[in-house]
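Asker:
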Amino acid sequence: HYRENMYTTVIDEEDFAIKPMNCPGGILVYKNKMHSYRDLPIRMGELGLVHRHELSGALHGLMRVRNFTQDDAHIFMTKEQMKGEIKNVVKLIDKVYSVFGFKYHIELSTRPEDSMGSEEDWEEATNALRDAVVELGYSYKLNEGDGAFYGPKLDFHLEDCLGRTWQCGTIQLDFQLPEKFELEYTGPDGEKHRPVMIHRVVFGSIERFIGILIEHFAGAFPTWLAPVQVKVIPISEKFEEYAKDVYKKLFDEGIKVEIDLRSEKVGYKIREAQLQKIPYMLVVGEKEQQEGKVSVRARKEGDRGMMGLDDFLSEIKEEIRTKKINN
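Take the sequence shown: its position 109, counting from 1, is numbered 130 in this note's numbering, and each next residue is one higher.
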């Protein structure tokens with residue numbers, strides 16, 4: 022099912038391939054020991070690097086690449102636990118996307134033509150996904166025939182600021198790979214049973230999600246997400262020591278801060294920080310030094326005047342703690 026998209030080679034007359042998916046690794050870990058129904062569900066997470074040979078014409082920046090990192094998890098459970106585990110993952114995905122302020126919609130993808138397993142298994146898996154979504158109060162679109170070859174799935178499509186949608190999160194319910202790999206657990210009846218498997222990602226491709234974030238915010242990240250949250254700018258060399266004191270206090274409080282000590286005009290430094298879309302600039306000169314304060318310039322609001330450093334710290338720390346988006 023995946024061979025045509027894999028990178029393969031032969032060494033000493035033996036076939037080797039770079040993995041295009043993480044699932045077999047989780048399966049091997051599960052098979053490493055015997056399991057009882059009391060152990061289930063078993064949830065395994067992995068940030069796994071995968072390689073897929075996409076056609077060169079399909080490659081697109083960070084959005085479509087040939088190797089990427091997936092925030093994969095594989096959950097092994099009984100049939101009775103399916104709906105509860107699906108609901109847990111749906112709630113996790115919703116929580117993560119809400120933090121970034123993304124709108125999204127859900128698509129239920131059903132059995133494709135090239136697939137494994139019985140009609141009965143597919144129907145049971147599809148119903149479990151549908152019921153979990155409906156019971157949580159979410160709507161969904163039906164995407165006929167677009168499931169994985171081993172099971173139906175819920176796909177989560179993010180909408181960026183340009184109105185484009187990107188498929189990121191997915192929950193795939195799988196009866197087939199546990200059968201193929203002969204996975205087992207001991208039930209309360211003492212007999213061997215097949216677990217059901219969930220494949221899930223929240224971000225999908227970490228690289229693509231970063232690309233979506235950059236475009237969505239046009240580089241002007243919310244303060245909590247910005248790689249540099251504050252730039253300290255002394256107006257001249259005379260006030261560098263005070264600027265360093267301000268920098269140290271911010272740094273010690275966990276703020277991602279830089280200090281600009283170049284011998285450039287202060288206006289140039291401010292414009293450059295604005296072009297870098299840094300959320301806050303703290304300008305310090307004689308008056309600020311005398312009063313033990315800082316002049317605050319916000320990326321969105323512009324000049325906010327002088328304020329005490331402790332007051333500024335309280336404000337920015339609260340903004341970071343609450344993960345405020347609209348700044």
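By construction, the Cβ of each residue, glycine as well, lies at the ideal position given by its N, Cα and C atoms.
Here's the rule: buried if 16 or more other CB atoms are within 10 angstroms of the residue's CB, otherwise exposed. What is ASN43?
Answerer: Buried, by the Cβ-count rule.
Asker: Can you tell me whether ASN148 is helix, strand or coil according to DSSP?
Answerer: Helix at ASN148.
Asker: Do GLU134 and GLY184 come within 9 Å of each other at the CB atom, strictly closer than that value?
Answerer: For GLY184 and GLU134, no; Cβs fall outside 9 Å.
Asker: Ignoring anything shorter than 4 residues or poking outside the region 286-337, list the alpha helix (DSSP H) runs there in chain order.
Answerer: Runs of the alpha helix (DSSP H) inside the region 286-337: 287-296 and 307-312.
Asker: For VAL251 versus VAL287, is the C-beta distance shorter than 9 Å?
Answerer: Contact flag unset, no.
Asker: Run through DSSP, which three-state label would SER119 get?
Answerer: Correct three-state label for SER119: helix.
Asker: What are the boundary residues of the alpha helix (DSSP H) that includes GLN250?
Answerer: Segment: none, GLN250 is in no alpha helix (DSSP H) and carries neither H nor E.
Asker: Using the Cα positions of LEU194 and CYS182, report the straight-line distance between them to the nearest angstrom.
Answerer: Taking the straight line joining both Cα atoms gives about 31 Å.
Asker: To the nearest whole angstrom, what separates the beta carbons of TYR125 and LEU175, a pair I think is in contact under 8 Å?
Answerer: Actually they do not touch by this definition, with Cβ atoms about 11 Å apart.
Asker: Locate the alpha helix (DSSP H) running through GLN197, then write down its first and last residues.
Answerer: Start and end: 197-201.
Asker: Do ILE280 and VAL253 have their C-beta atoms within less than 9 Å of each other?
Answerer: Taking 9 Å as the Cβ cut-off, ILE280 and VAL253 qualify as a contacting pair.
Asker: Between which two residues does the alpha helix (DSSP H) containing VAL267 stretch?
Answerer: Element bounds for VAL267: 261-273.
Asker: Less than 9 Å between the beta carbons of PHE196 and MET218, yes or no?
Answerer: For PHE196 and MET218, yes; Cβs fall inside 9 Å.
Asker: The beta strand (DSSP E) with ILE219 in it runs from where to where?
Answerer: Element bounds for ILE219: 217-226.
Asker: Can you say whether ARG342 is buried or exposed, counting buried as having 16 or more other CB atoms within 10 angstroms of its CB?
Answerer: Exposed, since its Cβ has fewer than 16 Cβ neighbours within 10 Å.
Asker: Need the endpoints of the alpha helix (DSSP H) that LEU282 sits in, please.
Answerer: Neither: LEU282 is in no alpha helix (DSSP H) and is coded neither H nor E.
Asker: DSSP state of LYS18, grouped into three classes?
Answerer: Nothing can be reported for residue 18: it is not among the residues displayed for the chain, which extend from 22 to 348.
Asker: DSSP three-state call for LEU255: helix, strand or coil?
Answerer: It is worth fixing the name first, because residue 255 is Pro in this sequence and not Leu. In this structure, PRO255 counts as strand in the three-state DSSP scheme.
Asker: First and last residue of the beta strand (DSSP E) that includes TYR159?
Answerer: Taken as a continuous stretch (DSSP letters only), TYR159 belongs to no beta strand (DSSP E), as it is neither H nor E.
Asker: Short of 8 Å in beta carbon distance, which residues of its chain neighbour LEU113, apart from the five on each side in sequence? Order them along the chain.
Answerer: VAL223, listed in sequence order.
Asker: What residue from GLY168, ALA149 and GLY158 has the CA that sits closest to THR99's CA?
Answerer: Answer by Cα proximity: ALA149.
Asker: Who are ALA94's beta bridge partners in DSSP?
Answerer: Paired residue(s): GLY66 and ARG221.
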